[in-house]
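To start, the structure itself, in structure tokens.
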Amino acid sequence: MVTPCVPPPDPGDPPAVALCPNTSGRFESRFVTVRVEPGPALMLRGMEGTRMGVWVAHGEGRFQFRSPALLSSAMAAGLVPLRYAADGGEPASRYPQNPSGAQAATAALCSPCGRHLAMMPHPERGVRAWQWPWWPQDWGKDRTGPGPWVRMFQNACEWCLRDGQSD
94 MVTPCVPPPD PGDPPAVALC PNTSGRFESR FVTVRVEPGP ALMLRGMEGT RMGVWVAHGE
154 GRFQFRSPAL LSSAMAAGLV PLRYAADGGE PASRYPQNPS GAQAATAALC SPCGRHLAMM
214 PHPERGVRAW QWPWWPQDWG KDRTGPGPWV RMFQNACEWC LRDGQSD
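With this note's numbering applied, the sequence shown corresponds to residues 94 to 260, in that order.
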């Protein structure tokens, strides 16, 4: 028997979190900065505290929580593992660093068990170094190899190879 990681909502209940149109009213497509937060997201293991660029491409990417209490609860539980970041590394509260206008700069959500990850940025568009429009000099000059987002997919592969067993 499979035990669900997150219980299903009651029929007729409004969604706890919804993806809404960007506050800009436009489709946003560009390279932005995000920060990986501590939390249970297995795909982001070992990346906590990292601040790096990622592609976004969406018109409806704004995470909207049903209530401030729900947002606070998700933040306290580490279920917001990826946040848009301003130049100083703090959560981006304004456009254009927060391209969707999401509450608390939310760029991703995960389930309490960490197996389920919903994100609006597109890390798959940056798994190779040459896919990055900007590359820090201290990362070296070789842009033929993997980019830092490949780690996320390696984490998923390693978890699956362990037969998806709980940690």
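From the three backbone atoms N, C-alpha and C, an ideal C-beta is built for every residue, glycine too.
Since the model is a prediction, treat every value here as computed from it, not as a measurement.
Asked                                                                                                                                                     : Found
For GLY171 versus GLU130, is the C-beta spacing smaller than 8 Å?                                                                                         : yes
What do you reckon, are the CB atoms on PRO281 and ARG176 nearer than 8 Å?                                                                                : An answer regarding residue 281 cannot be provided, because it is not within the stretch 94 to 260 covered by the chain.
Rounded to the nearest angstrom, what separates PRO133 and GLY118 at their Cα positions?                                                                  : 32 Å
In terms of residue numbering, what span does the alpha helix (DSSP H) encompassing GLU93 cover?                                                          : As shown, the chain starts at 94 and ends at 260. That puts residue 93 outside it, with no answer to give.
Alpha carbon to alpha carbon, what distance is there between ARG159 and ASP106?                                                                           : 11 Å
Looking at the structure shown, is GLY219 part of a helix, part of a strand, or coil, going by DSSP?                                                      : helix
Please confirm if the region 149-157 is in contact with the region 209-229, defined as three or more CB-CB distances below 8 Å between the two stretches. : yes
Span of the beta strand (DSSP E) holding VAL147?                                                                                                          : 144-151
Taking Cβ positions, are ALA200 and MET168 nearer each other than 8 Å?                                                                                    : no
Going by C-alpha distance, which of GLY146, MET145, PRO229 and LEU202 is nearest VAL173?                                                                  : LEU202
What is the DSSP secondary structure of CYS206, counted as helix, strand or coil?                                                                         : coil
Considering GLN157, what are the terminal residues of the beta strand (DSSP E) in which it resides?                                                       : 155-158
For THR96 and ALA179, I'd like the C-alpha separation in whole angstroms.                                                                                 : The pLDDT assigned to THR96 is 47, lower than 50, so where the model puts this residue is not dependable, and the model offers no usable value.
Would you report the Cα separation of LEU163 and TRP227, rounded to the nearest angstrom?                                                                 : 36 Å
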